[in-house]
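S.K.: Below you will find the structure I want to go over with you.
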Amino acid sequence: MYFELNQQRVFCSTGNGILSEEKPSVIFLHGAGMEHSVWVLPARYFARKGYNVFALDLPGHGRSEGLALDSISSMSAWLHEVIHALNLSKPAIVGHSMGSLIALSYAAKYADSLRALALLGISIPMPVAEALLQAARDNSHAAIDMANTWSHSSSAQLGGNDVPGINMMMSGQRLLERSSDGVFYSDLKACNEFTDALGLAENISVKTLMIIGEQDKMTAASNALKVAGKIRNCSVTSLKACGHAMLSEQPNAVLNALITIV
Amino acid sequence: MAKPSNYKFDTLSLHAGQKPDPTTGARAVPIYQSASFVFPDTDYAVGLFNIERAGHVYSRLSNPTNAVLEERIAALDNGVGAIATASGQAATHLAIATIVSNGEHIVASRSIYGGTHNLLAYTLPRFGIETTFVDPRDPAAFKSAIRDNTRLIFGEILGNPGLEVLDIPVISELAHAADLPLMVDSTFATPYLCRPIDFGADIVMHSATKFLSGHGVVIGGLLVDGGTFDWERSGKFPTLAEPYAGFHNLNFSEEFGPAAFITRARKEGLRDFGACMSPSTAFLILQGIETLPLRMQQHVENTKQIVEFLSEQEQVEWLNHPMLEQHPDHELAKRLMPKGCGAVFSFGIKGGSEAGIKFIENLEVFSHLANIGDAKSLVIHPASTTHHRMDSEALKAAGISEGLLRLSIGLEDVSDLMADLRKGLRASQRS
Numbered sequence: 073m074y075f076e077l078n079q080q081r082v083f084c085s086t087g088n089g090i091l092s093e094e095k096p097s098v099i100f101l102h103g104a105g106m107e108h109s110v111w112v113l114p115a116r117y118f119a120r121k122g123y124n125v126f127a128l129d130l131p132g133h134g135r136s137e138g139l140a141l142d143s144i145s146s147m148s149a150w151l152h153e154v155i156h157a158l159n160l161s162k163p164a165i166v167g168h169s170m171g172s173l174i175a176l177s178y179a180a181k182y183a184d185s186l187r188a189l190a191l192l193g194i195s196i197p198m199p200v201a202e203a204l205l206q207a208a209r210d211n212s213h214a215a216i217d218m219a220n221t222w223s224h225s226s227s228a229q230l231g232g233n234d235v236p237g238i239n240m241m242m243s244g245q246r247l248l249e250r251s252s253d254g255v256f257y258s259d260l261k262a263c264n265e266f267t268d269a270l271g272l273a274e275n276i277s278v279k280t281l282m283i284i285g286e287q288d289k290m291t292a293a294s295n296a297l298k299v300a301g302k303i304r305n306c307s308v309t310s311l312k313a314c315g316h317a318m319l320s321e322q323p324n325a326v327l328n329a330l331i332t333i334v
Numbered sequence: 102m103a104k105p106s107n108y109k110f111d112t113l114s115l116h117a118g119q120k121p122d123p124t125t126g127a128r129a130v131p132i133y134q135s136a137s138f139v140f141p142d143t144d145y146a147v148g149l150f151n152i153e154r155a156g157h158v159y160s161r162l163s164n165p166t167n168a169v170l171e172e173r174i175a176a177l178d179n180g181v182g183a184i185a186t187a188s189g190q191a192a193t194h195l196a197i198a199t200i201v202s203n204g205e206h207i208v209a210s211r212s213i214y215g216g217t218h219n220l221l222a223y224t225l226p227r228f229g230i231e232t233t234f235v236d237p238r239d240p241a242a243f244k245s246a247i248r249d250n251t252r253l254i255f256g257e258i259l260g261n262p263g264l265e266v267l268d269i270p271v272i273s274e275l276a277h278a279a280d281l282p283l284m285v286d287s288t289f290a291t292p293y294l295c296r297p298i299d300f301g302a303d304i305v306m307h308s309a310t311k312f313l314s315g316h317g318v319v320i321g322g323l324l325v326d327g328g329t330f331d332w333e334r335s336g337k338f339p340t341l342a343e344p345y346a347g348f349h350n351l352n353f354s355e356e357f358g359p360a361a362f363i364t365r366a367r368k369e370g371l372r373d374f375g376a377c378m379s380p381s382t383a384f385l386i387l388q389g390i391e392t393l394p395l396r397m398q399q400h401v402e403n404t405k406q407i408v409e410f411l412s413e414q415e416q417v418e419w420l421n422h423p424m425l426e427q428h429p430d431h432e433l434a435k436r437l438m439p440k441g442c443g444a445v446f447s448f449g450i451k452g453g454s455e456a457g458i459k460f461i462e463n464l465e466v467f468s469h470l471a472n473i474g475d476a477k478s479l480v481i482h483p484a485s486t487t488h489h490r491m492d493s494e495a496l497k498a499a500g501i502s503e504g505l506l507r508l509s510i511g512l513e514d515v516s517d518l519m520a521d522l523r524k525g526l527r528a529s530q531r532s
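Chains A and B supply the protein sequences, listed in that same order.
Residue 327 in this note's numbering sits at position 255 of the first sequence, with consecutive numbering throughout.
Residue 112 in this note's numbering sits at position 11 of the second sequence, with consecutive numbering throughout.
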């Protein structure tokens, strides 16, 4: 569905559900260069289970209008406006990669306004290799190749998808290829510059779940655990043989973990 | 941080799509000869039916053995996903049925497999889908044949049996300019020789009966979605970009993004038309794909030598293969298929149809049958067999003369093949 915010159309998938003020809400935030469709399986699950689902396209991503926002703090501020515009009361927020930084930043600032928080593939800082940043700045396909390869565990690069007949590597590549020029770079830069933020985690009081891929080469598991250690009420689900692209590599395990907190 | 290192073609041919069986440790892909799969609980069952969970329900829709094959061909063809079907024809039909509806139109190369020609020319019109056939070497003809109700451009990477090379970059560009997808039958090439998606095609199909399985032991098809076409932006594909009442108003483009086409094809086409592949067949095709690079190299090498050999024989009136400099598509073929143009080609014998019959009947190593892409060498007379339902006008348009013979070069010792052909050629000229 579309809604308007600051004279721009924003898209979010509802997981094919029907929205109601009576239902609890859950917001899904995608990663750099991505869009709402990465959440298709959990979005559909929680919609059926009686939740209002908002799998958002950030500005300039997927079907949402506007320019990509250039910092995690501006994305967090935008999220606040979205929650206000949709009149959501105590939503759960689930974020992956860049989306997890937005979620963490928001939760640190508006600690009492959330029901639950799930951080997938997080690291603070979230440094981006210079070669990747440069290639993304040049809108070179090499950026997509690097990010896509490093996002998948070595076993996932050979496939064996739980979703029958779907090639994980090429699905990730095509999503990034759909991203408009400059968007991927803007996102990566925002992640790279979100540096002195580990302290924000200490402000988070809402119950939090962290999902970690043990073979994550983009956001190392050890860094994620450092963030988890700063959050007062944080449980950790660690996925064996899983890379950063955990939503495609282990969709059932991710959903099982989300069910415990959303 | 190191540069990305993706697995290469030969490695993917052996491994893509498979994790060793977690229960038994089986290294080979197990044949999951099961119609259905047990649900852990009722909620999980609902989740599988409602596309919330990843997994298998019923082997018409998906099967673990087939899924390995599907992922493997998707990986080799650079597609986002694939579906294994009962035959190549089923793959073609599944693709068309997913995006073309009653009252709509297809533009197709006129040099295509006879079975596909039947489907497009005679069968689909009964369901309100018309096709205009055009010269595969004439991009302007494709363009001028496009109508407001056109929904698909179709061609074969190598025309059958004339071996016209489809200029995929040019044809895909004009298709995309008209907001239409290009579908390519890549059976003759296999992804080892050409990946049509890399050149601009959006959908690829294979008859896996041929080189992919490689041993003439199964019937099967594969449909690959490149994930490249924007169905929503096109505005011409309500089956993919509008709510589908047959699945609780699911909008496939909205929810599945680049995988919209292949997901709808599975959730509707396999469900409703049911032309699925047997897991035993999938296993045999996987066995074939494991050696695809080695076999294709040898097919191409043997073919090169046989083409050179036949070109020097006085009984041969003409010979048609893109590897020959005089072939009109020679340069294009080198660009699209630098490793070779496959192992199927046609030629004509002096003396026409009668000489052709004598030739075929005097061959011993070559098998006279209706197939291509076997490890064994094959021969056929298309006008009387694979293309016999085409009338003389359609045969002429497709470049099939009465005396045309088609060879599929196998993996035998090439000197034995030459000896066999020499014997057949001599016999063909005896009165």
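Just so you know, even glycine gets a beta-carbon here, dropped at the ideal spot from N, CA and C.
According to the Cβ coordinates, are Y178/A and S136/A closer than 8 Å?
M.R.: For Y178/A and S136/A, no; Cβs fall outside 8 Å.
S.K.: Can you name the residues of chain B whose CB is closer than 8 Å to the CB of V255/A?
M.R.: Those within 8 Å of V255/A in chain B number zero; the least Cβ separation is about 15 Å.
S.K.: Can you give me the Cβ contacts of T329/B inside the same chain, cut-off strictly under 6 Å, excluding the 5 residues immediately before and after it?
M.R.: D303
S.K.: State the Cα-Cα distance for the pair N261/B and S502/B, rounded to the nearest angstrom.
M.R.: 13 Å
S.K.: For the ligand FAD, is there any heavy atom lying closer than 7 Å to the beta carbon of L113/A?
M.R.: Ligands are entirely absent from the displayed structure, and the ligand FAD is therefore not among its contents.
S.K.: Please tell me whether E107/A has its Cβ less than 8 Å away from any Cβ of chain B.
M.R.: yes
S.K.: Under 6 Å Cβ to Cβ from A383/B, same chain only, skipping five residues before and after it: list those, please.
M.R.: Result list for A383/B: T166, N167, L170, A185, in chain order.
S.K.: Any C-beta of chain A sitting closer than 8 Å to the C-beta of H307/B?
M.R.: no
S.K.: Going by the CB atoms, is the gap between N352/B and R56/A shorter than 8 Å?
M.R.: No information on residue 56/A is available, as it lies outside the stretch 73 to 334 that chain A covers here.
S.K.: Would you mind sorting T486/B into buried or exposed? The rule is 16 or more other CB atoms within 10 Å of its CB.
M.R.: exposed
S.K.: Bridge partners for R365/B per DSSP, in chain order?
M.R.: Beta-bridge pairing links R365/B to no other residue.
S.K.: Might you give, ordered along the chain, the residues of its own chain that have their beta carbon closer than 6 Å to the beta carbon of A103/B, omitting 5 neighbours on each side?
M.R.: Because the pLDDT of A103/B is 48, which lies under 50, any placement of that residue in the model is unreliable, and the number read from its coordinates should be weighed accordingly. The answer is none, since no qualifying residue turns up.
S.K.: Would you list, in chain order, the members of the region 225–247 of chain A that have their beta-carbon closer than 8 Å to a beta-carbon of chain B?
M.R.: S227, Q229, L230, G231, G232, N233, D234, V235, P236, G237, I238, N239, M241, M242, S243, R246, L247
S.K.: So, for F256/A: in the same chain, excluding its five sequence neighbours on each side, which residues have a beta-carbon less than 7 Å away from its beta-carbon?
M.R.: Here the set comprises A104, G105, A208, A215, L248.
S.K.: By the 9 Å beta-carbon criterion, what residues does the region 237–256 of chain B contribute toward chain A?
M.R.: none
S.K.: Quick one: is V98/A near chain B, going by C-beta distance under 8 Å?
M.R.: no
S.K.: For I247/B and P270/B, what's the separation of their Cα atoms in angstroms?
M.R.: 17 Å
S.K.: One question on the structure: do V208/B and T224/B come within less than 8 Å of each other, judged by their Cβ atoms?
M.R.: No, Cβ-Cβ distance for V208/B and T224/B is not below 8 Å.
S.K.: By the three-class DSSP mapping on this structure, what secondary structure does V112/A have?
M.R.: helix
S.K.: Please list, in chain order, the residues of the region 154–187 of chain B that have any C-beta partner in chain A closer than 7 Å.
M.R.: R154, A155, G156, H157, S163, A168, E171, E172, A175, A176, N179, G180, V181, G182, A183, I184
S.K.: Kindly indicate which three-state DSSP category E355/B falls into: helix, strand or coil?
M.R.: helix
S.K.: At a CB distance below 9 Å, what residues from the region 178–194 of chain A approach chain B? Give them in sequence order.
M.R.: none
S.K.: Use the C-beta contact count for T332/A: other C-beta atoms within 10 angstroms, 16 or more gives buried, fewer gives exposed.
M.R.: So T332/A counts as exposed.
S.K.: Using a Cβ-Cβ cut-off of 8 Å, state whether T125/B counts as contacting chain C.
M.R.: Of the chains in the structure shown, none is chain C; the protein chains are A and B.
S.K.: Would you report the Cα separation of A203/A and R246/A, rounded to the nearest angstrom?
M.R.: Whole-angstrom Cα-Cα distance: 21 Å.
S.K.: Report the residues of the region 310–333 of chain A with a CB closer than 8 Å to any CB of chain B, ordered along the chain.
M.R.: P323, N324, L327
S.K.: Using a 10 Å radius around the Cβ and a threshold of 16 neighbouring Cβ atoms, would you call Q119/B buried or exposed?
M.R.: buried
S.K.: Measuring CB atoms only, is the region 189–197 of chain B touching the region 152–166 of chain B, in the sense that at least three cross pairs come out at less than 8 Å?
M.R.: Taking 8 Å as the limit for Cβ pairs, the verdict is that the region 152–166 of chain B does not touch the region 189–197 of chain B.
S.K.: Threshold first: 4 residues or longer. Then list the alpha helix (DSSP H) segments lying entirely within the region 280–316 of chain A, N to C.
M.R.: 293–302
S.K.: So that I know if they touch, is there some Cβ in chain A lying closer than 8 Å to that of R490/B?
M.R.: Not one chain A Cβ lies under 8 Å of R490/B.
S.K.: Taking only beta-carbon atoms, is M102/B less than 8 Å away from chain A?
M.R.: Caution applies to M102/B, whose pLDDT of 43 falls short of 50 and renders its modelled position unreliable; the value that the coordinates give is listed next. At a cut-off of 8 Å, the C-beta of M102/B has a neighbouring C-beta in chain A.
S.K.: Would you give the residue range spanned by the alpha helix (DSSP H) that N334/B belongs to?
M.R.: Residue identity differs from the one stated: residue 334/B is Arg in this sequence, not Asn. Following the DSSP letters along the chain, one finds R334/B inside the alpha helix (DSSP H) bounded by residues 332–335.
S.K.: Just reading off the beta strand (DSSP E) that Y108/B is part of, what are its end residues?
M.R.: Where Y108/B is concerned, there is no enclosing beta strand (DSSP E), given that its DSSP letter is neither H nor E.
S.K.: Just to confirm, is the Cβ distance from N295/A to S195/A under 8 Å?
M.R.: Taking 8 Å as the cut-off, the beta carbon of N295/A is found closer than this to the beta carbon of S195/A.
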